[in-house]
Every structure is written in structure tokens, then in C-alpha cells.
Amino acid sequence: MADINADPRVMRWIDDGSVRDLDYTAEAIERWEEEWDEEGFGLFAVELLASGELAGFTGLSVPEFLPEVLPAVAIGWRLGSQFWGQGYASEAAHATLEFALQDRGLDRVISINRVGDDASENVIRKLGMVPERETSHPVYGYPLRVRAIDLTEFQA
Numbered sequence: 001m002a003d004i005n006a007d008p009r010v011m012r013w014i015d016d017g018s019v020r021d022l023d024y025t026a027e028a029i030e031r032w033e034e035e036w037d038e039e040g041f042g043l044f045a046v047e048l049l050a051s052g053e054l055a056g057f058t059g060l061s062v063p064e065f066l067p068e069v070l071p072a073v074a075i076g077w078r079l080g081s082q083f084w085g086q087g088y089a090s091e092a093a094h095a096t097l098e099f100a101l102q103d104r105g106l107d108r109v110i111s112i113n114r115v116g117d118d119a120s121e122n123v124i125r126k127l128g129m130v131p132e133r134e135t136s137h138p139v140y141g142y143p144l145r146v147r148a149i150d151l152t153e154f155q156a
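Using UniProt numbering, you'd call the opening residue of the sequence shown number 1 and step up by one each time.
Here's what the structure looks like:
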């Protein structure tokens, strides 16, 4: 995961766009594990079935950085650039959405993405999420799109 977080192409759309080092990644993984304990959901490792190679993650989190959407649970993903364009993000995100709505009993899930991140927009459309609002990142100021889907709209 540290290699993925150190790739400027991957991190371009995340927070301020800066790459992250091994220490940051280790701390982030600890926080992700705590979220599983506290919330009953979190991030999943995305691995290739054939090789077991780590492609990145997908999962659920509470988007505390954007208080205007709370209470909410957001879906997100981050894959290494060598895995882009192969359908892995869409497949993993769909499985995560199914987990959220069917296994965890959530009624609604949102997505938050930076305007201009066309690859993420494509995944979000494939999930069937509908526009809810446009806003700005409270720290970095760039435009964000919030989309949502509820249990009644989800196609398993």
C-alpha cells in the first residue's frame, strides 16, 4: 500500500495531491483497522485472485472531513495505477456497496469525489449513484461532487 500511496498519479486526486510515505501508510492502516472496530465497517484490501497481488483498497468510511454530509457513510477506493482501466475498481466498489446495503444494513451510501477525476466518476456512475450536491473541500477549496444511492435503488 505504501507503493500505491507514493505514486503521484494515484495521489493526484487525494487531499492536497501529495504522495505519502511508509510511516503515513502504516498510521493510516492502523486508523482503518480502528474504524472496523468502532463502526463495523472499513476498508478492504483489493487483491488479484490469480496472483494475490495487492491492487489497492475499497471500502466504507465516515467522511468526517465534510461535516455537511453527516451522518453518512461514504464508499471509496484507491488502486495502483498499473491496475487502472481493467474494471477492478468497479468490481470491488460494487461488492463493497452490496456489503454496505445488504450485510451491514445501511439504508444509504454516498460517494464524494473531486471534480475532474473522470475515472472515479465512471465508477460512481456504474454503481448507479445519483447526484446529491456539489460543494467544496473545506480545507483545500477544490470542488467536490456528492452522489448517493439507497437500498431501494441498488441493483445487486
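Ideal placement from N, C-alpha and C gives every residue a C-beta, glycine not left out.
Judged by beta-carbon spacing, Gly76 lies within the 9 Å limit of Ser111, meaning their Cβ atoms are closer than that value.
Here DSSP, grouped into helix, strand and coil, assigns Glu91 to helix.
In the structure shown, Leu127 adopts coil according to DSSP, grouped into three states. Asp3 is the residue among Asp3, Glu30 and Ser90 whose C-alpha sits nearest the C-alpha of Asp21. Counting only runs of 3+ residues, the beta strand (DSSP E) found wholly inside the region 46-103 occupies 54-61 and 74-79, in chain order.
Within the region 104-153, the beta strand (DSSP E) runs of at least 3 residues that lie entirely inside it are, in chain order, 108-114, 130-136 and 143-150.
Residue environment analysis places Thr152 among the exposed positions, since fewer than 16 neighbouring C-beta atoms fall within 10 angstroms of its C-beta. In the pairwise beta carbon analysis, the region 96-111 is classified as not touching the region 1-16: fewer than three pairs are separated by under 8 Å.
Take the alpha-carbon of Ala92 and the one of Phe99: they are about 11 Å apart. Of the other Cβ atoms in all chains shown, 16 or more fall within 10 Å of the Cβ of Ser61; this residue is therefore buried. Residue range Pro8 to Met11 is occupied by the alpha helix (DSSP H) that includes Met11.
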